[in-house]
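Here's the structure, in structure tokens; my notes come after.
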Amino acid sequence: MRSLLGLITVVVAASLYLYTLSLYLPAGPRRPHPASSDREHVDTAESPDSTEGASRLKFPSDLEELRELAELLQFYKAENTGYVLLLFCSAYLYKQSFAIPGSSFLNILAGAIFGPYEGLVLACVLTTVGSTMCYLMSQAFGKQYIVNFFPDKVSTLQNKVEENKDCLFFFLLFLRFFPMTPNWFLNMSAPIVNIPITYFFCSVLIGLLPYNFICVQTGVMLSEVSSLDDLFSWQRLLQLLAIACVALLPSALIRRYSQRHLKLDVQSQNGVITEKKVQ
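For the sequence shown, the UniProt record's numbering assigns the number 1 to the initial residue and increments by one for each residue that follows.
Right, dumping it as structure tokens:
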């Protein structure tokens with residue numbers, strides 16, 4: 001009971017912090033215009049009101065909401081980079097820490113707002129830190145509940161960890177590159193199956209790099225593409241091909257290593273690890 005109250009306290013405190021942060025949306029930049037008579041009208045039309053802007057700050061659930069949010073944050077980033085960075089990091093860590101689905105949209109948003117390099121660094125760091133916070137909260141508050149809710153999945157993961165303890169780090173990398181179990185479940189169950197936090201931290205940072213790279217590059221293209229003609233240009237197609245090659249190379253290397261060294265006689269069905277039947 002004490003662990004449940006502790007978890008509820010953490011969730012409520014984090015939610016209040018994020019909500020309070022969204023209320024203090026600063027004034028956006030205003031563009032000067034030569035005609036003073038039209039200035040107020042244009043400024044009002046181009047600069048969203050702080051109250052209206054705050055009401056549009058929500059986690060995106062589709063690409064249209066993602067594009068609108070990206071445009072809003074890009075607008076405020078022009079003069080309030082620190083606030084936008086703090087808000088984005090806080091929202092990302094909130095979703096990762098509490099295993100809320102939809103982090104892929106935030107990775108795309110990172111590319112759209114911060115560009116390909118800063119966006120990738122942010123996505124990798126925030127994914128790793130947020131997953132580690134989920135690990136620590138599960139260790140502190142959730143062990144009993146996770147075992148009670150997912151006994152079979154925890155038991156299967158525990159067996160696989162024991163079988164691959166001699167090359168545990170590469171096993172964790174394999175799980176990130178080729179997820180036989182959802183990332184949110186792996187984050188919460190890692191302390192239960194005795195995965196060291198150092199292995200966990202490094203495997204998330206390296207293992208999710210290709211995924212974060214693809215999402216961030218998608219966000220960069222989303223912010224630059226204005227029509228389908230731009231999307232299907234030769235430049236974009238070559239860029240997509242290069243992104244695919246960069247993302248697939250480490251996956252191929254990990255798969256080749258796993259076939260030789262890891263014990264992976266498992267198959268995935270609806271996100272659940274199940275044993276293969278040996279004939």
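Don't be surprised by glycine CBs; every beta carbon is placed ideally from N, CA and C.
In the three-state reduction of the DSSP assignment, Val193 falls in the coil class, being assigned neither a helical nor a strand state.
Asn164 carries a coil assignment under DSSP once its states are collapsed to helix, strand and coil. The C-beta separation of Gly219 from Gly119 comes to about 6 Å, placing the pair in contact by the 8 Å criterion. Nearest in C-alpha terms to Leu157, of all of Ala190, Ala14, Gly102 and Tyr135, is Ala190.
Between the stretch 81 to 90 and the stretch 101 to 118, the count of C-beta pairs closer than 8 Å reaches three or more; the two stretches touch.
In the displayed model, Glu71 falls within a helix according to three-state DSSP. Using a Cβ-Cβ distance cut-off of 8 Å, the stretch 146 to 155 and the stretch 201 to 215 are not in contact, since fewer than three pairs of beta carbons, one from each stretch, lie closer than that value.
Of the residues assessed, Lys160 falls on the buried side of the cut-off, its CB having 16 or more other CB atoms within 10 angstroms. Burial check for Gly130: the Cβ neighbour count within 10 Å reaches 16 or more, so the residue is buried.
Residue environment for Ile197: exposed (fewer than 16 other C-beta atoms within 10 angstroms of its C-beta). DSSP, read as helix, strand or coil, puts Thr198 in helix. Looking at the backbone, the Cα of Cys134 and that of Ser97 are separated by about 4 Å.
Shortest Cα-Cα distance from Gly142 to any of Val193, Ala14 and Thr127 involves Val193. Close CB contacts of Met188 within its chain, under the 7 Å cut and outside five residues either way in sequence, are with Ala99, Cys134, Ser138, Gly142 and Ile146 (chain order). Nearest neighbour of Asn183 by Cα position, chosen from Thr132, Leu7 and Leu18, turns out to be Thr132. For Gly102, there is no enclosing alpha helix (DSSP H), as DSSP marks it with neither H nor E. Exposed is the label assigned to Lys58, since fewer than 16 other Cβ atoms lie within 10 Å of its Cβ. Of the other Cβ atoms in all chains shown, fewer than 16 fall within 10 Å of the Cβ of Leu23; this residue is therefore exposed. Sixteen is the threshold: since fewer than 16 other Cβ atoms of the shown chains lie within 10 Å of the Cβ of Thr9, the residue is exposed.
Excluding residues up to 5 positions away in sequence, Tyr199, Cys202 and Ser203 lie with their Cβ nearer than 8 Å to the Cβ of Phe169 in the same chain.
With a contact defined as Cβ atoms closer than 8 Å, Leu122 and Ala110 qualify at about 5 Å.
Rounded to the nearest whole angstrom, the CA to CA distance from Tyr76 to Ala70 is 10 Å.
For Ser61, there is no enclosing alpha helix (DSSP H), as DSSP marks it with neither H nor E. Short of 8 Å from the beta carbon of Ser90, and not among the five residues preceding or following it, lie these beta carbons of its own chain, in chain order: Tyr17, Leu18 and Leu21.
Residue burial annotation: Thr81 is exposed, with fewer than 16 other C-beta atoms found within 10 angstroms of its C-beta.
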